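Take a look at the structure below.
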Amino acid sequence: MPSRPGSQPKPAPNAKESPAAPAPEGLFKAVSSSRVSQVIVEQIRMLLKEEKLKPGDRLPSERDLCVHFGVSRVTVREALRILEAGGLVEIRVGARGGAFVTTPDSRQVGEGLATLLSLSPLTAAEVTEARLVFELGIVPLIVERATDEDLDELFALCDTHIAAMEEGVYTMEMSAEFHTRVADCTHNAAIRMLVESFHGPLLMSLREAQTVEPRMGKRGSREHRSFVEAVAARDVEKASGVMRTHLERTAARVRSQGA
């Protein structure tokens, strides 16, 4: 289990540290900078990108890393904490412990971006404007790549949401769920990551729009189904038109709220 930020892994009692494989000559370069730890992080990221380090590889010991980089142990530990927080290494304790290369999944990266966005002074109007650009931009990919399984799931989701609306239990979380599932139809990991990172701001803008029109989900849930029908027909123009109308109405409500 990764160590908590700020804490130092402690070896198991009476356990001897297992030796790390020696690093190839010239793999790591000595650094000199006012932010040395960040330079080390960038070096290791580049080694991962170039596949000179791969998931599962064990980094050299802290002592050896100090020698390779020409820095103090405190600096090496700071760099390892940054890499661990970014999901690029896993710190293990015990006899077989050490820093092991791993790969972050899209959700983990998305959570980091989501935190950044949630702490930024974004307005609902800015979020809605970004949605118009982004969500309309991926419609052609959705129409082209949505599989039969995707369409079946989207139709089922629409039915569930329409039923929830009739029962008075429809929420903006359900609307956000639909838009996230639609983006999945691009089958593009980068798009998925961006959508996940945008979940918090998306909910914020939807809830603000809902304060203007409390039952906005009634028309929206019907438009969701119309959009899926257009995607099933492989009609880019119609799908784009439905989505544009859908998003522009939300944008108008947000603007009226901020007026």
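Residue 72 in the working numbering sits at position 67 of the sequence shown, and the numbers go up by one each step. Note that the Cβ used here is the ideal one computed from N, Cα and C, for glycine as well. Source: prediction; values computed, not measured.
Shown here for Leu-159: same chain residues with a beta carbon closer than 6 Å to its own, the five before and five after excluded, namely Val-233 in chain order.
Around the Cβ of Leu-32, a 10 Å sphere holds fewer than 16 other Cβ atoms; the residue is exposed. Judged by pairs of C-beta atoms under 8 Å, the segment 72-92 touches the segment 44-63, as three or more such pairs exist. Gly-103 has Arg-97 as its beta-bridge partners, per DSSP.
The closest CA to that of Arg-97, considering only Phe-105, Ala-257 and Gly-91, is found on Phe-105. Residue state for Arg-63 is assigned as strand, using DSSP reduced to three classes. Put simply, the backbone Cα of Glu-55 is about 16 Å away from that of Leu-64. At a Cβ-Cβ threshold of 8 Å, Val-138 and Ser-245 do not count as neighbours. Nearest to Ile-167 by C-alpha distance, out of Ala-238, Ser-226, Thr-216 and Val-44, is Ser-226. Straight-line measurement puts the Cα of Val-94 at about 19 Å from the Cα of Val-76.
Restricting attention to Thr-255, His-229 and Arg-249, the CA atom closest to the CA of Met-170 is found in His-229.
At the C-beta level, Val-236 and Ala-151 come within 8 Å of one another. DSSP places Ser-245 in the helix class (H, G or I) of the three-state scheme. Per DSSP, the unbroken alpha helix (DSSP H) holding Cys-163 starts and ends at 153-171. Residues Met-170, Tyr-175 and Ser-180 of the same chain have their beta carbon placed closer than 7 Å to that of Gly-222, with the five preceding and five following residues left out of the count. Within the same chain, and ignoring the five residues on either side of Gly-61 in sequence, the residues whose Cβ sits closer than 7 Å to its Cβ are Phe-105 and Val-106. In the three-state DSSP reduction, Val-233 falls in the helix class (H, G or I). Going by C-alpha positions, Arg-186 is about 38 Å away from Ile-45. The alpha-carbon separation between Ile-147 and Asp-153 amounts to approximately 12 Å. By the Cβ neighbour-count rule, Asp-157 is exposed, with fewer than 16 other Cβ atoms within 10 Å of its own. Take the alpha-carbon of Ala-135 and the one of Leu-199: they are about 12 Å apart.
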